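Q:
2 protein chains.
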Amino acid sequence: MVEDHPLVKEGIMAILADEADINCAGHFYNGTDLLYRLKSFQPDVILMDLDLPDMTGLDLCRKVKNLYPAVCVVALSINNQAGIIKKMMENGASGYVLKDAAQHEITEAIRTVVKGKQYFSRSASLYLRKADTSQLPPLTRREKQVLEKIADGLTNPQIAELLFVDVSTVNSHRKNMLAKFGVQNTAALIKLAIKENLI
Amino acid sequence: MVEDHPLVKEGIMAILADEADINCAGHFYNGTDLLYRLKSFQPDVILMDLDLPDMTGLDLCRKVKNLYPAVCVVALSINNQAGIIKKMMENGASGYVLKDAAQHEITEAIRTVVKGKQYFSRSASLYLRKADTSQLPPLTRREKQVLEKIADGLTNPQIAELLFVDVSTVNSHRKNMLAKFGVQNTAALIKLAIKENLI
DNA sequence: AAAAAATTCCCCCTTTTGGTGGAAATGTAT
DNA sequence: ATACATTTCCACCAAAAGGGGGAATTTTTT
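The listed protein sequences correspond, in order, to chains S and F. Take my numbering: the last position of the first sequence gets the number 207, and nothing is skipped along the way. Take my numbering: the last position of the second sequence gets the number 207, and nothing is skipped along the way.
Listed below in structure tokens is the structure:
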């Protein structure tokens, strides 16, 4: 287990202690410690928090799966963004359990992924389904750049200077984003972008 | 204890189980259940999550303290907004423990508040200090109303119509907020407002 | 009751944004 | 190679936002 919140760590420990067929091989407060330990011993499953002090769960998961493909990773997160869930699965995770999960969901997740199957906690799959129906149009690289500058309070002329392009170009990107998201103005665009974790 | 996340609940239970002088009198998944139980029995301390399914921690804390002033409330939250911490204390809470707290901080909090003192976990007091130095100017009621409408993508004329005031009035509020927060335009205002949990 | 703050409205003027409708030049994937 | 998407730019024009200043009225606080 990699989990930097002692409260959650203790909770999972307590839940797992009751299970005869599940044994906790070790606990780490950050990704570096885990990677070091994996050199000498690979567990069947790694429960991995996504908000670690030294690296993102995305990076840690990729690293672990590259070095030891046989190890199953179950992501553990308070983050319910469908985008993050999808990215974790692309990075090789086998399961995703939100921290509001019920006790049995943790043990269910472990037992499911060691069989080679995927597991999502109830609330995680809810979010995935919702994201499927109401997915947002993707932003291009350039649009994302412009969006960040807009959010920082820069005007089109200022952004144009920064990116070495014409004002009309920046304005095009801005207008394209408004159209993509179906919002009326920059204020609504920024709100949506932040709420959807785009910036 | 009032806590709707089973993982955290189990963690706290496990931590408290090791302490001879602390005894968990009961656990509830929502505020209503707690209030019902308090009619027949009042514990010394209530550990209270702020993100409950049926009511906000702010409301629950106020209700509990109004009905049973002798009970000490310790807020338990992933939320590190200084504003929320201050509001909880104003509503009668005795302590504030963030969910990234170390094990001993939970027990320390409980032992401290029963003595009538206040307790803040390390990270909570860090945030309080930071908020003291870099505090944001407060928004008035009207400004907050206008700000929400702006964030929803409404223009000054539209907001004016909604609030039955002149466009110039709405514009004044908008300009005042820009000046208060020292930002250049609406985009930066919205970003700041969301990041600071004002909307 | 007096002082302070909030809400309301006004002026003038410049800059920025947003709407419509293009089009050419790169990349990128099939 | 050939579609497709992205990035770049153009014109025109209306609407909205923002900067400067001022001022009257109502609420709230002291």
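Backbone N, C-alpha and C define an ideal beta-carbon position, used for all residues, glycine too. Bear in mind the structure is a predicted one, so any value in this text is a computation, not a measurement.
To which residues of the same chain is S:LEU38 closer than 8 Å at the C-beta, ignoring the five residues directly before and after it?
A: On the first sequence, residue 38 of chain S is found 30 positions in, with the first residue counted as 1. It should be pointed out that residue 38 of chain S corresponds to Asn in this sequence rather than to Leu. Counting only Cβ-Cβ distances below 8 Å, and skipping sequence neighbours, we find VAL10, ASP12, LEU60, PRO61, ASP62, MET63.
Q: For the candidate residues F:CYS69, F:VAL173, F:VAL154, F:PHE172, whose alpha-carbon lies nearest to that of F:ILE198?
A: Mapped onto the second sequence, residue 198 of chain F falls at position 190. Out of F:CYS69, F:VAL173, F:VAL154, F:PHE172, F:VAL154 has the C-alpha closest to the C-alpha of F:ILE198.
Q: Got a sec: is the Cβ-Cβ distance from F:PRO14 to anything in chain S below 8 Å?
A: Position 6 of the second sequence, counted from the start, is the residue given in the question as residue 14 of chain F. By this cut-off, F:PRO14 is an interface position.
Q: Should the stretch 16 to 24 of chain F be regarded as contacting the stretch 108 to 117 of chain F, the criterion being three or more beta carbon pairs within less than 8 Å?
A: Yes, since at least three Cβ pairs between the stretch 16 to 24 of chain F and the stretch 108 to 117 of chain F fall closer than 8 Å, the two stretches touch.
Q: Quick check: the stretch 72 to 84 of chain S against the stretch 96 to 109 of chain S, are at least 3 beta-carbon pairs closer than 8 Å?
A: Because the criterion of three Cβ pairs below 8 Å is met, the stretch 96 to 109 of chain S and the stretch 72 to 84 of chain S touch.
Q: From F:ALA33 to F:ILE93, what does the alpha carbon distance come to, in whole angstroms?
A: Taking the second sequence and counting its residues from 1, one reaches residue 33 of chain F at position 25. Taking the second sequence and counting its residues from 1, one reaches residue 93 of chain F at position 85. Straight-line Cα distance between these residues: approximately 25 Å.
Q: Roughly how many whole angstroms lie between the Cα atoms of F:ASN193 and S:LEU186?
A: Locating residue 193 of chain F in the second sequence gives position 185, counting from the first residue. Locating residue 186 of chain S in the first sequence gives position 178, counting from the first residue. Cα to Cα, F:ASN193 sits roughly 17 Å from S:LEU186.
Q: Tell me the DSSP secondary structure of F:ASP67 in three-state form.
A: As a position in the second sequence, residue 67 of chain F is number 59, starting the count at 1. In this structure, F:ASP67 counts as helix in the three-state DSSP scheme.
Q: Is it the case that the Cβ atoms of S:VAL16 and F:GLY19 are separated by a distance below 8 Å?
A: Working through the first sequence from its first residue, we reach residue 16 of chain S at position 8. Working through the second sequence from its first residue, we reach residue 19 of chain F at position 11. Yes, they are a contact pair.
Q: For S:PHE49, count neighbouring Cβ atoms within 10 angstroms of its own Cβ and tell me buried if that reaches 16, exposed if not.
A: If you number the first sequence from 1, residue 49 of chain S lands on position 41. Exposed, because fewer than 16 other Cβ atoms sit within 10 Å of the Cβ of S:PHE49.
Q: Nearest CA to the CA of S:ALA110: which residue from S:VAL121, S:ASN99, S:SER131?
A: Residue numbering aside, residue 110 of chain S sits at position 102 when the first sequence is read from its first letter. Of the listed residues, the one whose Cα sits closest to S:ALA110 is S:SER131.
Q: How far does the beta strand (DSSP E) with S:TYR104 in it reach, from first residue to last?
A: Indexing the first sequence from 1 puts residue 104 of chain S at position 96. Counting along the chain, the beta strand (DSSP E) containing S:TYR104 begins and ends at 103 to 106.
Q: Report the start-end ranges of each alpha helix (DSSP H) in the stretch 125 to 194 of chain S that is 4 residues or longer and not cut off at the edges.
A: 130 to 141, 149 to 159, 164 to 171, 175 to 189, all fully within the stretch 125 to 194 of chain S.
Q: I need the boundaries of the beta strand (DSSP E) containing S:ASP26, first residue and last residue.
A: Numbered from its first residue, the first sequence carries residue 26 of chain S at position 18. No beta strand (DSSP E) holds S:ASP26; DSSP gives it neither H nor E.
Q: Sort S:ASP29, S:PRO14, S:GLU27 by Cα distance to S:HIS35 and report the nearest one.
A: Position 27 of the first sequence, counted from the start, is the residue given in the question as residue 35 of chain S. Nearest option by C-alpha distance: S:PRO14.
Q: Can you give the beta carbon distance from F:ASN87 to F:LEU58, rounded, assuming they're within the 8 Å contact cut?
A: The residue you call residue 87 of chain F lines up with position 79 of the second sequence. The residue you call residue 58 of chain F lines up with position 50 of the second sequence. The pair is a contact, with the Cβ atoms about 6 Å apart (cut-off 8 Å).
Q: For the stretch 100 to 118 of chain F, list every residue whose C-beta sits within 8 Å of some C-beta in chain S, in sequence order.
A: Listed by position along the chain: LYS107, ASP108, ALA109, ALA110, GLN111, ILE114.
Q: Whole angstroms is fine: what's the gap from S:GLY161's alpha carbon to F:LEU46's?
A: For the purposes of this step, residue 161 of chain S is taken as residue 153 along the first sequence, with counting starting at 1. For the purposes of this step, residue 46 of chain F is taken as residue 38 along the second sequence, with counting starting at 1. If I take the Cα positions, the gap works out to 50 Å.
Q: Please find out if some non-hydrogen atom of the ligand SAH comes closer than 7 Å to the beta-carbon of F:VAL72.
A: Among the ligands in the structure shown, none appear at all, so the ligand SAH cannot be discussed.
Q: When the Cα of S:ILE30 is compared with those of S:ILE207, S:LEU43, S:VAL79, S:ASP52, which residue comes out closest?
A: The residue given as residue 30 of chain S occupies position 22 in the first sequence. Per the Cα distances, S:ASP52.
Q: Just tell me which of S:GLU27, S:SER180, S:VAL79, S:LYS71 has its CA closest to the CA of S:LYS125.
A: Walking along the first sequence from the start, residue 125 of chain S turns up at place 117. Checked all of S:GLU27, S:SER180, S:VAL79, S:LYS71; the closest Cα to S:LYS125 is S:VAL79.
Q: If you follow the alpha helix (DSSP H) that S:VAL81 is in, where does it begin and where does it stop?
A: Indexing the first sequence from 1 puts residue 81 of chain S at position 73. Note, S:VAL81: premise wrong, no alpha helix (DSSP H); beta strand (DSSP E) at 80 to 85.
Q: So, at 6 Å on beta carbons, what are the nonlocal neighbours of F:LEU42 in its own chain, with the 5 sequence-adjacent residues on each side left out?
A: Position 34 of the second sequence, counting from 1, holds the residue named residue 42 of chain F. Excluding sequence neighbours, F:LEU42 sits near VAL10, PHE36.
Q: Please decide whether F:THR194 counts as near chain S, where near means a Cβ-Cβ distance under 8 Å.
A: Along the second sequence, one-based indexing puts residue 194 of chain F at 186. Chain S, which has a Cβ nearer than 8 Å to the Cβ of F:THR194, makes this yes.
Q: Could you tell me which residues DSSP puts in a beta bridge with F:LEU60?
A: Counting from one through the second sequence, the residue named residue 60 of chain F turns up at place 52. For F:LEU60, which the question treats as bridged, DSSP gives no partner whatsoever.
Q: Do you know offhand how far S:GLY190's Cα is from S:LEU200's?
A: Taking the first sequence and counting its residues from 1, one reaches residue 190 of chain S at position 182. Taking the first sequence and counting its residues from 1, one reaches residue 200 of chain S at position 192. Taking the straight line from one Cα to the other gives about 10 Å.
Q: How about S:GLU151 and S:ASN184: do their beta carbons lie closer than 8 Å?
A: Residue mapping note: residue 151 of chain S aligns to position 143 of the first sequence, counting from 1. Residue mapping note: residue 184 of chain S aligns to position 176 of the first sequence, counting from 1. Closer than 8 Å, so yes.
Q: So which of S:MET96, S:SER176, S:GLU204 has the shortest CA-CA distance to S:LEU147?
A: On the first sequence, residue 147 of chain S is found 139 positions in, with the first residue counted as 1. Checked all of S:MET96, S:SER176, S:GLU204; the closest Cα to S:LEU147 is S:GLU204.
Q: Which one of F:LEU206, F:VAL72, F:ALA196 has the shortest CA to CA distance from S:ILE207?
A: Numbered from its first residue, the first sequence carries residue 207 of chain S at position 199. The shortest Cα separation from S:ILE207 among F:LEU206, F:VAL72, F:ALA196 belongs to F:ALA196.
Q: Nearest-angstrom Cα distance between F:TYR135 and S:LYS123?
A: Reading the second sequence from its first residue, position 127 is the one you call residue 135 of chain F. Reading the first sequence from its first residue, position 115 is the one you call residue 123 of chain S. Taking the straight line joining both Cα atoms gives about 44 Å.
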